[in-house]
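Here the sequence shown stands for residues 16 to 217, numbered as in this note's numbering.
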Amino acid sequence: KEKRRTEALLYQMMPRTVADQLKSKKNVDAEYFNSVTIYFSDIVGFTSMSAESTPMQVVDMLNALYSIFDSSIDRYDVYKVETIGDAYMVVSGLPTPTIHHAAEIGMLALELRNCMTDFRIPHLPDQTVHLRIGLHTGAVVAGVVGIKMPRYCLFGDTVNTASRMETTSEADRIHISDNTRQALEMSGGFIIEHRGITTIKV
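Okay, here's the thing in C-alpha coordinates:
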(Lines of atoms letter the chains of each structure in order from A and count residues from 1; the text may use other names and numbers.)
(Lines give C-alpha, C1' and ligand atoms only; values in the text may rest on other atoms or scores of the structure.)
Protein backbone atom coordinates (compact mmCIF):
# COMPACT_ATOMS: atom_id res chain seq x y z
CA LYS A 1 0.00 0.00 0.00
CA GLU A 2 2.84 2.38 0.90
CA LYS A 3 4.61 1.52 -2.36
CA ARG A 4 1.47 2.33 -4.36
CA ARG A 5 1.21 5.67 -2.57
CA THR A 6 4.85 6.47 -3.34
CA GLU A 7 4.36 5.58 -7.01
CA ALA A 8 1.22 7.72 -7.24
CA LEU A 9 3.17 10.66 -5.80
CA LEU A 10 6.01 10.09 -8.27
CA TYR A 11 3.58 10.22 -11.21
CA GLN A 12 2.15 13.48 -9.88
CA MET A 13 5.62 15.04 -9.59
CA MET A 14 7.05 13.89 -12.94
CA PRO A 15 5.95 13.44 -16.54
CA ARG A 16 4.78 9.85 -17.03
CA THR A 17 7.66 8.78 -19.27
CA VAL A 18 10.21 10.18 -16.80
CA ALA A 19 8.43 8.58 -13.83
CA ASP A 20 8.48 5.23 -15.66
CA GLN A 21 12.26 5.48 -16.02
CA LEU A 22 12.75 6.38 -12.35
CA LYS A 23 10.45 3.57 -11.28
CA SER A 24 12.56 1.13 -13.33
CA LYS A 25 15.65 2.54 -11.57
CA LYS A 26 17.05 3.79 -14.88
CA ASN A 27 19.20 6.90 -15.16
CA VAL A 28 17.25 9.86 -16.51
CA ASP A 29 19.64 11.88 -18.63
CA ALA A 30 19.08 15.58 -19.24
CA GLU A 31 17.54 16.19 -22.67
CA TYR A 32 17.67 19.07 -25.12
CA PHE A 33 14.35 20.09 -26.67
CA ASN A 34 14.56 22.32 -29.71
CA SER A 35 11.13 23.93 -29.43
CA VAL A 36 8.70 24.11 -26.51
CA THR A 37 6.32 26.78 -25.24
CA ILE A 38 6.34 27.90 -21.61
CA TYR A 39 3.51 29.53 -19.65
CA PHE A 40 4.05 31.69 -16.57
CA SER A 41 1.36 33.47 -14.58
CA ASP A 42 1.00 35.26 -11.29
CA ILE A 43 -1.77 37.05 -9.39
CA VAL A 44 -1.94 40.82 -9.75
CA GLY A 45 -1.83 42.43 -6.30
CA PHE A 46 -0.96 39.18 -4.52
CA THR A 47 1.29 40.95 -2.00
CA SER A 48 -1.48 43.29 -0.85
CA MET A 49 -3.98 40.40 -0.73
CA SER A 50 -1.57 38.45 1.45
CA ALA A 51 -1.11 41.45 3.75
CA GLU A 52 -4.82 41.44 4.63
CA SER A 53 -4.99 37.66 5.02
CA THR A 54 -3.71 35.10 7.49
CA PRO A 55 -1.16 32.56 6.22
CA MET A 56 -3.87 29.87 6.39
CA GLN A 57 -6.21 32.00 4.29
CA VAL A 58 -3.49 32.50 1.68
CA VAL A 59 -2.95 28.73 1.51
CA ASP A 60 -6.70 28.14 1.17
CA MET A 61 -6.93 30.73 -1.62
CA LEU A 62 -4.02 29.29 -3.60
CA ASN A 63 -5.31 25.75 -3.09
CA ALA A 64 -8.75 26.72 -4.43
CA LEU A 65 -7.18 28.53 -7.40
CA TYR A 66 -4.67 25.81 -8.28
CA SER A 67 -7.36 23.12 -8.03
CA ILE A 68 -9.11 24.93 -10.90
CA PHE A 69 -5.85 25.29 -12.82
CA ASP A 70 -4.92 21.64 -12.32
CA SER A 71 -8.28 20.40 -13.60
CA SER A 72 -7.87 22.62 -16.68
CA ILE A 73 -4.39 21.40 -17.61
CA ASP A 74 -5.64 17.80 -17.69
CA ARG A 75 -7.45 18.70 -20.92
CA TYR A 76 -4.28 19.78 -22.73
CA ASP A 77 -0.99 18.24 -23.83
CA VAL A 78 0.97 20.14 -21.19
CA TYR A 79 3.00 19.49 -18.05
CA LYS A 80 2.85 21.58 -14.87
CA VAL A 81 6.46 22.26 -13.96
CA GLU A 82 5.99 23.99 -10.62
CA THR A 83 4.16 26.49 -8.45
CA ILE A 84 6.03 28.97 -6.26
CA GLY A 85 3.68 31.08 -4.17
CA ASP A 86 1.30 32.68 -6.65
CA ALA A 87 3.52 31.83 -9.66
CA TYR A 88 2.36 28.96 -11.89
CA MET A 89 4.57 27.42 -14.60
CA VAL A 90 3.47 25.05 -17.37
CA VAL A 91 5.21 23.73 -20.50
CA SER A 92 4.17 21.95 -23.69
CA GLY A 93 6.46 20.14 -26.11
CA LEU A 94 8.26 17.85 -23.67
CA PRO A 95 9.16 15.21 -22.65
CA THR A 96 7.26 13.99 -25.74
CA PRO A 97 7.77 16.58 -28.50
CA THR A 98 4.70 17.93 -30.31
CA ILE A 99 4.39 20.48 -33.11
CA HIS A 100 1.25 21.85 -31.44
CA HIS A 101 2.96 23.06 -28.23
CA ALA A 102 2.27 26.77 -28.79
CA ALA A 103 -1.41 26.16 -29.57
CA GLU A 104 -1.81 23.92 -26.51
CA ILE A 105 -0.33 26.58 -24.23
CA GLY A 106 -2.25 29.35 -26.01
CA MET A 107 -5.59 27.62 -25.48
CA LEU A 108 -4.72 26.83 -21.86
CA ALA A 109 -3.73 30.46 -21.19
CA LEU A 110 -7.06 31.71 -22.56
CA GLU A 111 -8.99 29.19 -20.47
CA LEU A 112 -7.17 30.03 -17.22
CA ARG A 113 -7.56 33.75 -17.78
CA ASN A 114 -11.27 33.40 -18.54
CA CYS A 115 -12.04 31.14 -15.57
CA MET A 116 -10.95 33.95 -13.23
CA THR A 117 -14.24 35.73 -14.02
CA ASP A 118 -16.14 33.38 -11.72
CA PHE A 119 -13.41 32.71 -9.15
CA ARG A 120 -13.93 34.25 -5.73
CA ILE A 121 -11.45 34.36 -2.86
CA PRO A 122 -13.10 32.40 0.00
CA HIS A 123 -12.33 35.02 2.69
CA LEU A 124 -12.47 38.08 0.37
CA PRO A 125 -15.58 37.37 -1.72
CA ASP A 126 -15.86 40.96 -2.97
CA GLN A 127 -12.40 40.89 -4.54
CA THR A 128 -11.78 39.51 -8.00
CA VAL A 129 -8.57 37.77 -9.02
CA HIS A 130 -6.67 39.00 -12.06
CA LEU A 131 -3.87 37.05 -13.71
CA ARG A 132 -0.80 38.38 -15.46
CA ILE A 133 0.30 35.80 -18.07
CA GLY A 134 3.44 35.46 -20.21
CA LEU A 135 4.36 32.94 -22.93
CA HIS A 136 7.59 32.25 -24.81
CA THR A 137 8.68 29.62 -27.31
CA GLY A 138 12.20 28.29 -27.69
CA ALA A 139 14.73 25.62 -26.75
CA VAL A 140 15.28 24.20 -23.26
CA VAL A 141 17.21 21.51 -21.45
CA ALA A 142 15.10 19.38 -19.10
CA GLY A 143 16.22 16.90 -16.50
CA VAL A 144 15.69 15.41 -13.07
CA VAL A 145 17.49 17.26 -10.28
CA GLY A 146 17.91 15.90 -6.75
CA ILE A 147 17.80 12.50 -5.08
CA LYS A 148 15.69 12.69 -1.91
CA MET A 149 13.04 14.90 -3.49
CA PRO A 150 13.73 14.73 -7.25
CA ARG A 151 12.29 17.47 -9.45
CA TYR A 152 11.87 17.65 -13.20
CA CYS A 153 13.36 21.06 -14.03
CA LEU A 154 13.79 23.20 -17.14
CA PHE A 155 16.88 25.27 -17.89
CA GLY A 156 17.86 27.89 -20.46
CA ASP A 157 17.14 31.38 -21.74
CA THR A 158 13.67 30.31 -22.87
CA VAL A 159 12.62 29.88 -19.23
CA ASN A 160 13.99 33.30 -18.29
CA THR A 161 12.32 35.00 -21.26
CA ALA A 162 8.95 33.38 -20.52
CA SER A 163 9.22 34.67 -16.96
CA ARG A 164 10.02 38.17 -18.26
CA MET A 165 6.99 38.02 -20.57
CA GLU A 166 4.87 37.45 -17.48
CA THR A 167 6.43 40.19 -15.33
CA THR A 168 6.00 42.74 -18.15
CA SER A 169 2.43 41.64 -18.88
CA GLU A 170 -0.70 43.44 -17.68
CA ALA A 171 -3.74 42.34 -15.69
CA ASP A 172 -6.01 39.98 -17.65
CA ARG A 173 -3.61 40.01 -20.61
CA ILE A 174 -1.53 37.26 -22.22
CA HIS A 175 1.85 38.70 -23.20
CA ILE A 176 3.60 36.63 -25.87
CA SER A 177 7.04 36.85 -27.43
CA ASP A 178 7.61 37.12 -31.17
CA ASN A 179 8.65 33.45 -31.23
CA THR A 180 5.31 32.45 -29.74
CA ARG A 181 3.45 34.79 -32.09
CA GLN A 182 5.01 33.07 -35.10
CA ALA A 183 4.19 29.62 -33.72
CA LEU A 184 0.56 30.58 -32.99
CA GLU A 185 0.12 32.13 -36.44
CA MET A 186 1.34 28.88 -37.99
CA SER A 187 -1.26 26.98 -35.93
CA GLY A 188 -4.04 29.45 -36.78
CA GLY A 189 -7.18 30.25 -34.82
CA PHE A 190 -5.73 32.93 -32.53
CA ILE A 191 -6.36 36.68 -32.60
CA ILE A 192 -3.12 38.49 -31.75
CA GLU A 193 -2.80 42.19 -31.01
CA HIS A 194 0.53 43.94 -31.53
CA ARG A 195 1.65 45.61 -28.30
CA GLY A 196 4.77 47.33 -29.55
CA ILE A 197 8.35 46.99 -28.37
CA THR A 198 8.76 45.97 -24.73
CA THR A 199 12.17 46.11 -23.07
CA ILE A 200 12.95 43.12 -20.87
CA LYS A 201 15.96 42.18 -18.76
CA VAL A 202 18.05 39.35 -20.15
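A virtual CB, placed ideally from N, CA and C, is assigned to each residue, including glycine. All values reported here derive from a predicted model rather than from experimental measurement.
Buried versus exposed, by CB contacts within 10 Å (16 or more), residue i
i    : result
Y47  : exposed
E208 : exposed
M71  : exposed
M164 : exposed
S7   : The structure shown has nothing for residue 7, since the chain only spans 16 to 217.
T152 : buried
Cβ-Cβ distance between residue i and residue j below 7 Å
i    : j    : result
M201 : H190 : no
G121 : L199 : yes
L150 : T195 : yes
A154 : N49  : yes
A45  : G203 : no
V51  : H116 : yes
A186 : H138 : no
E67  : Y91  : no
R148 : S184 : The question names Arg, but residue 148 is Ile in the sequence shown. Contact flag set, yes.
Inter-residue spacing [alpha-carbon to alpha-carbon] between residue i and residue j
i    : j    : result
T214 : Y94  : 29 Å
I2   : R210 : Within the shown structure, residues of the chain are numbered from 16 to 217, placing residue 2 beyond reach of any answer.
N99  : I58  : Going by the sequence as given, residue 99 is Ile instead of Asn. So the alpha carbons of these two residues sit roughly 12 Å apart.
E97  : S178 : 13 Å
I212 : T176 : 14 Å
K40  : Y81  : 31 Å
I83  : D141 : 19 Å
V223 : V174 : Outside the shown range of the chain (16 to 217) lies residue 223, about which nothing can therefore be said.
H30  : T182 : Here residue 30 turns out to be Pro, not His, going by the sequence shown. Using only the alpha carbons, I get a separation of about 27 Å.
G109 : V156 : Rather than Gly, the amino acid found at residue 109 in this sequence is Leu. Going by the C-alpha atoms only, they are around 10 Å apart.
L123 : I114 : 16 Å
Y167 : R19  : 21 Å
I206 : R188 : 13 Å
V160 : D85  : 23 Å
S65  : T143 : 14 Å
T69  : G171 : 36 Å
K216 : N42  : 36 Å
Beta bridge counterpart(s) of residue i as assigned by DSSP
i    : result
H151 : I53
T143 : R135
H190 : G149
K95  : V105
Y47  : V156
D170 : The question names Asp, but residue 170 is Phe in the sequence shown. In the DSSP output, where bridge partners are listed per residue, F170 has V156.
Cβ separation of residue i and residue j, assumed to be a contact under 8 Å, to the nearest whole Å
i    : j    : result
I136 : M76  : 5 Å
Y54  : M131 : The Cβ separation is near 15 Å, so there is no contact.
S56  : L127 : 7 Å
L37  : L24  : Their Cβ separation, rounded to whole angstroms, is 12 Å, which puts L37 and L24 out of contact at 8 Å.
D101 : F61  : 4 Å
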